[in-house]
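Residue numbers (this note's numbering), protein chains in the order written: chain A, 1 to 435; chain B, 436 to 1163.
Quick reminder that beta carbons are idealized off the backbone N, C-alpha and C, glycines included.
This report refers to the structure that appears directly beneath it.
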Amino acid sequence: MSVSPSTWERIAARGGISPRKARTHGLIFIGAGLLIYLLFARAAAIGETSTFVLNFGGAAETAPVPDLVLPTAPTLYALALVCAFLGGWQLARGFRRPNLALGVITGLFIWAFLTWASRGQSFNLTGMLNSALLRAVPIALAALSGVICERCAVINIGIEGMMLTGAFTATLTASLALNLWGWPSWASMPFGLICALVAGAWMGLLLAILAVRFKVNQIIAGTAINILSVGITSFLSARILAHFQQLNNTGTLQPVPIPLLYRIPVIGPVIFEQNLLVYLLYILLVVTHIVLFHTRWGLRTRAVGEHPRAADTLGINVFRVRYVNVTIGGMVAALGGAFLILGSVGRFDELMTAGKGFIGLAAMIFGKWMPFGAFGAALIFGFADALQTKLAILEVPIPSQFLLMAPYLMTIIILAGVVGEAVPPAADGQPYEKQ
Amino acid sequence: MQERLRVGFVTDGGRIDDGSFNQYAYEGTIRAAQEYGLVVELIETRSPAEYEANIRQAIERGCQLVVTIGSTTGTTVERLATRYPGVHFVLVDYEPIQASRNITGLVFAEDQAGFLAGALAGLMTDTNVVGFVGGVDVPPVRKFRLGFEHGVAFTNRRAKVLTVYTRSFTNEQKGREAAEELVAQGADVLFAAAGGCGSAAIRAAAARGTWVIGSDQDHWKTTFREGAEPGADRLLTSAIKRVDQAVYEALSLAVARKLHGGTLRFDLRNGGVGLAPYHAADVAIPSEVRGRMLEVAEGLRTGRISTQVGPKGEDLERRLLARVTAWNWQSAAMIFLAIFTALAIGAVFIAAFDPEVWTAFGKGIGTGLAAAGASVARAYRAFFEGALGNPARILAGFQIWIETGNSARLLRAIYPITEGLRLATPYIFAGLAVALGFRCGLFNIGAEGQYFIGGLTSVYVGYAVKGLPWFIHLPLALAAGMLGGALWASIAGFLKARTGAHEVINTIMLNYIAYRLADYLLQVGGPMARPGDSRPVSPEILPTAYLPQFFPNDPSIRLNAGLLLALFAVWFVYWLLFKTTVGFEIRAVGANPRAARTAGISVARNIILAMFLSGGLAGLAGAHDILGVLHFMPNAFFSGYGFDSIALALLGKSHPVGVLLAALLFGFLRAGAQRMQGVAHVPIDIISILQALIIIFIAAPEIIRFIYRIRAPKETAEIVFTRGWGRV
């Protein structure tokens, strides 16, 4: 295959990426098709079917959706062909939006993988999406915290620690109110939530003081917060939670279906039949987006993130903006931790965040420092996380440890593939010195 | 419009165009006068006797400010200054004795200029003999001489400095004689700091083909008249004092009404002293010498290199007391206070979350406080005994050993110390790993994962490779551990270099992947599991891969040869970073990647290399624990080395020796915490709290200064740790 350099340049110019990258993309697409053929399609026996269940078994059961039954082998061959075709198209003509094309290919590949994995069995797709969303929520909150901090140029590596603090505080206070003071759960849980937010605000304030007031290297300050949180939560967990089991049991929030919306087939129960904290995330996303891009405070925040000196000259109090934003960022991160407890498991374990704060930072970068972008990226991570549990149930011949690596591998791949083009706020990570 | 400032300029006995201080100080005065519209009254002094009268004359003409040269006339001016309190005096080369409010002395760091001249002389000499011609032994000349001597010693330890004082700044005949004498003794580089006498000396020496270095001003322009005089091509450079610049700045301050009595210092940092261009000698100076000179100048500027000359011209070298007092005691005190404060806050945690203290507070405040004190005392007593042993038992054991030769009791008594050293060993490796990364501007949080992978690879070689003698098997297993960690870290280094993906996130992700990988390999029935065992552990390694124990007759003491290896690693990292080109490039990339790239250093290569080396050190930490202590690999998650090593590198200020000391501290801390958990039932996680607090206090020393009301010290060189997202 010979294509003149000018053609490459034309293709690349259309996608806005370098010629080399455009070519790599094309080869990746074809490679995906080839992999689908080699790994999956050839392993499928003729006549086998893959069943995707589209019901979730929640409140929407009144209007069941029929299962999606696909013939395994033909579906896989078709998917392989589509991938190869898209790859050829990218090489010959080029896509206008290469990242979108990359996303479509990834989606097709995962579809092929699931078709292969669930051959001869049934796979609950809606349940899987539901689980993906639930796992995405803490990551999305971590990413949102990152967005709020970094838009005013403070790198927050300490999100992990803030989440851990939030989770611990929520556990302790909500259990205390529920089991010792005998509050009803509708009161104990908001109480735990508010306490977690306060703890998160203190952690955020600590980061802000270190980074803004003392001009400590922000990555070191964030790391110190991580170590401190690990230390305090593990210490107190060993000292308190281990001795008083009733202090480590908060109960969990129950899903609340939103009338009418939850009846939408397939996605309805996934998006609109969740607990209140998930709806709170939706609201936070919209509010953050509006505040960042349509209000004076947002304009100031972004000005401080891009060019603090200019912002200062215009009379914006750079330090104040950073203090406020980082404190709010700490609260959002703690909310993510509280979700792990109240919205998910109901009890605290040492080091239970397991890197979700760092994955959230990767989601923030992948989402280009935009609230909804970060949420989208978090969904991908949540999907990867949910996938491994579902696959374990399907008894896929891949060791579970490798499936557990999936979210982390995904983070590395996405960081490597996207960071080159993702542009952080110009002043990110630099302390500001008033002249 | 305000009245124009009248400035009197009085020469100190030389002419106004003497090609020396009078001329340059006058040039600076004229420049300031033109810029700020000052009126200048010039009075030339013909003989020393009329100097005082000339100054009085200037004051009588209405000058509010008098500029003059003070190296020989300082006392006269001090006396006049008390007589005329309304007049301000600016004296070049003079440091006011008392805190006179109307004398400003302009003092130069001649030692820095002399040090640079000496460094160049040391590099250029072939005979290893260099000469110094001084005028009168006044402070500026002494500072030139001492700076020169130390500069020569800095670049060339074998070179000898011969010194001649002519006792005159003007007698040209004496200068020529001094030069002849030094050249006759074999000096092939000559540095002169003797005014006109020195000019004659370097002219005479240059005529004999000796390299010469001038002082005070650029002798290319004065002595050799822009290269017109013979021998100009032998002038290497001149150690210059920017007298004109200093006078100009003093007058600028006067115009702004900010000129106060006291001393204004001019050094390399503010451009007050320096080396002149190489001029005609340029072609003769090799590029290594140029590079070395740039490094020395940079070192002096940032304070990393000291000229070892005091501000009044005293020699700080070889005097132990002077060196000890010149050492930065405050930064050492800050580290001590940081640790102390962290321990104090830790005590609050221990007391506040002790169930016994709670019950005691139920009985009353007094009992509660007593119980809190007892709780802290018990915890820290266990802590210090765990870290350092019980002195009484050690003494008793020592006595038994002396008397009977039975060392069992002694060994049991010193067990805590050996345990501290044993725990410090992996800390040394891991701390060095992070410090090395910091030096390249990389933040390797992944020491944890690299430790795991290093452990896996070394244990595999330890049990799977059979039939080798120990002197091959042990190094092989160590090398495997190092390589495993190095390659694991290189993934993050490669991604950072090629795509800009931040190493902080990638190394953490690699940590989690390493846990899962270890989990997979070691699970019961897994590829590296011990056959027939119900625990997820690897097989025992062969004894040929064991690191030898220090005390083989007491197997409970686990201290082993790994400690020696760690000490070697400290030396190696020091040597690599500060004595080799590789280390220089790594540090250059860390200090300023853009500048390094402009200088032709490959940023990508050095990032990958630094991560490789860093991972190798972390891998060695894992190999030590496997080959020296456990002898098999358990599937235990979260050893804590990743975060601990960051604290170590910060505490040690990214310097190998500092890391060694910090690692010893942490080793003993951990040994103590283990005992504290065992005896006083304080969860070992208290260590993480202490570490985080130490990091915060070291990284933000203002907090400690605030608590203990310590004033901020002088500015010191900044150490680069790490930077933000994206490509460098």
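A Cβ-Cβ distance of about 13 Å is found for the pair G192/A and T165/A, leaving them out of contact under the 8 Å criterion. Going by beta carbons, F348/A and A196/A fall outside the 7 Å limit. In this structure, A614/B is the residue among A614/B, Y471/B and G902/B with its C-alpha nearest to the C-alpha of G633/B. With the rule of 3 Cβ pairs closer than 8 Å, the segment 903-918 of chain B does not count as touching the segment 1100-1107 of chain B.
Listed along chain B, no residue sits closer than 7 Å to M203/A by beta-carbon distance, the nearest being about 12 Å off.
Between G707/B and R677/B a beta carbon distance of about 5 Å is seen, short of the 8 Å cut, so the two are scored as contacting.
Look at the beta carbons and you see the segment 152-163 of chain A touching the segment 301-317 of chain A: at least three pairs across the two are nearer than 8 Å. Annotation: the segment 637-673 of chain B contains the following complete segments of the beta strand (DSSP E) (minimum length 3 residues), in chain order: 646-651.
Its chain contains G1107 as the residues whose beta carbon lies nearer than 7 Å to that of F819/B, once the 5 sequence neighbours on both sides are disregarded; these appear in chain order. By the neighbour-count criterion, in which a residue is buried when 16 or more other Cβ atoms sit within 10 angstroms of its Cβ, Q743/B is buried. Chain A places no beta carbon closer than 7 Å to that of Q680/B, leaving this residue out of the contacts. The DSSP-derived three-state label of I290/A is helix. Contact of I412/A with chain B by beta-carbon distance below 9 Å involves I926, A927, L930, A936, I940, N941, M944, L945 and I948. With fewer than three CB-CB distances shorter than 8 Å, the segment 939-952 of chain B does not count as touching the segment 966-979 of chain B. At a cut-off of 7 Å between beta-carbon atoms, I258/A makes no contact with chain B. At a cut-off of 7 Å between C-beta atoms, A827/B does not count as an interface residue with respect to chain A. In terms of Cβ geometry, L76/A and A112/A form a close pair [threshold 7 Å]. From the beta-carbon of L404/A, the residues of chain B found nearer than 7 Å are R951. Take S925/B, set aside five residues on each side of it, and the residues of its chain with a beta-carbon closer than 8 Å to its own are I1043, M1046, F1047 and G1050, in chain order. An exposed status is given to G960/B, since fewer than 16 other beta-carbon atoms sit within 10 Å of its beta-carbon. When the Cα atoms are used, F626/B and L1095/B turn out to be separated by approximately 42 Å.
Listed in chain order, the non-local C-beta contacts of G429/A below 6 Å within the same chain comprise I155 and Q218, local neighbours out to five positions each way being set aside.
A contact between stretches requires three or more CB pairs, one per stretch, nearer than 8 Å, and the segment 1001-1012 of chain B fails this requirement with the segment 842-852 of chain B. When Cβ-Cβ separations below 7 Å define contact, Q246/A makes no contact with chain B.
Chain order gives the chain B residues near V216/A as A1134 and A1135, where near means a beta carbon separation below 7 Å.
In the DSSP assignment, E938/B falls within the unbroken alpha helix (DSSP H) covering E938 to L957. For Y408/A, the neighbours in chain B by C-beta distance under 9 Å run, in chain order, I943, M944, L945, N946, Y947, I948 and R951.
At a cut-off of 7 Å, the C-beta of I774/B has no neighbouring C-beta in chain A. F878 and I880: these are the residues of the segment 877-905 of chain B whose beta carbon lies less than 8 Å from some beta carbon of chain A, given in chain order. By the Cβ criterion, the segment 507-515 of chain B is not in contact with the segment 679-690 of chain B, since fewer than three pairs of Cβ atoms, one from each stretch, lie closer than 8 Å.
By the Cβ neighbour-count rule, D447/B is buried, with 16 or more other Cβ atoms within 10 Å of its own. Annotation for A1134/B: L1085 place their beta carbon closer than 7 Å to its own, counting only its chain and skipping 5 residues before and after. For P399/A, the nearest CB of chain B lies under 7 Å from its own CB, placing it at the interface with that chain.
For P407/A, the secondary structure class from DSSP, reduced to helix, strand or coil, is helix.
DSSP places I478/B in the strand class (E or B) of the three-state scheme. Only L361, A362 and I365 from the segment 360-371 of chain A bring a Cβ to less than 8 Å from some Cβ of chain B.
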